[in-house]
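Undergrad: What follows is a structure written as structure tokens; I'll ask about it next.
Numbering (this note's numbering), first residue to last: 39 to 196.
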């Protein structure tokens, strides 16, 4: 993540590293830190020069996990929010480093949209598995409709 030791970064006081993952071709690294009491975790994405490309602090939400595609082009963050009336409890935030874009998939606990598992593919497609079905979203967050369903929809319209 830091080729040749050209720079260093200090963690804020009272934080420790929980997860770190280098990005392909030494293009930077992703870092998750937490407090010793476990009250929160944050996420930062650093470029190859050690500058922060993206930061999500636990004041906004607690990062529970992150997943990076093999080439490092896409990063998925599983974020839990404190109780907020009328707003979602959780979000999967997808960062597209190629287009410098982001989108999210959000839900509340007990919602039929609540995932049992999720996969972020190398091409930026997010696959969400719920108890009732599996859904796929392209790199912009648009739902991908299976070809068989598209044909049925066309017949219904005709």
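Yeah, the Cβ is synthetic: ideal placement off N, Cα and C, and Gly gets one too.
1. For residue 162 and residue 134, which I take to be in contact (beta-carbon distance under 8 Å), what is that distance rounded to the nearest angstrom?
2. What is the residue span of the beta strand (DSSP E) that residue 55 lies within?
3. For the beta strand (DSSP E) that residue 72 lies in, which residues bound it at each end?
4. Assuming residue 109 contacts residue 165 (C-beta within less than 8 Å), just tell me the rounded distance between them.
5. Straight-line CA distance for residue 66 to residue 87?
6. Taking all protein chains shown into account, do 16 or more other C-beta atoms lie within 10 angstroms of the C-beta of residue 54, making it buried, or fewer, making it exposed?
7. Determine the contact status of residue 113 and residue 128, defining contact as a CB-CB distance below 8 Å.
8. Grab the span of the beta strand (DSSP E) containing residue 163 for me, first residue to last.
9. Can you tell me whether DSSP reads residue 148 as helix, strand or coil?
10. Counting C-beta neighbours from all protein chains within 10 Å, is the total for residue 71 16 or more, i.e. buried, or is it exposed?
11. Just tell me which of 146, 156, 102 and 174 has its CA closest to the CA of residue 56.
12. To which residues of the same chain is residue 49 closer than 8 Å at the C-beta, ignoring the five residues directly before and after it?
13. Among 159, 149 and 184, whose alpha-carbon lies nearest the alpha-carbon of residue 170?
14. For the beta strand (DSSP E) holding residue 197, just list the boundary residues, first then last.
15. Using the Cα positions of residue 152 and residue 51, report the straight-line distance between them to the nearest angstrom.
16. Tell me the start and end of each unbroken alpha helix (DSSP H) in the segment 84-114 that is at least 4 residues and wholly inside, in chain order.
17. Would DSSP call residue 140 helix, strand or coil?
TA: Answer, in terms of the structure:
1. 6 Å
2. 54-60
3. 66-72
4. The Cβ separation is near 18 Å, so there is no contact.
5. 7 Å
6. exposed
7. no
8. Taken as a continuous stretch (DSSP letters only), residue 163 belongs to no beta strand (DSSP E), as it is neither H nor E.
9. coil
10. buried
11. 102
12. 55 and 71
13. 149
14. Summary: the structure shown does not reach residue 197, with the chain confined to residues 39 through 196, and so no result is reported for it.
15. 35 Å
16. none
17. strand
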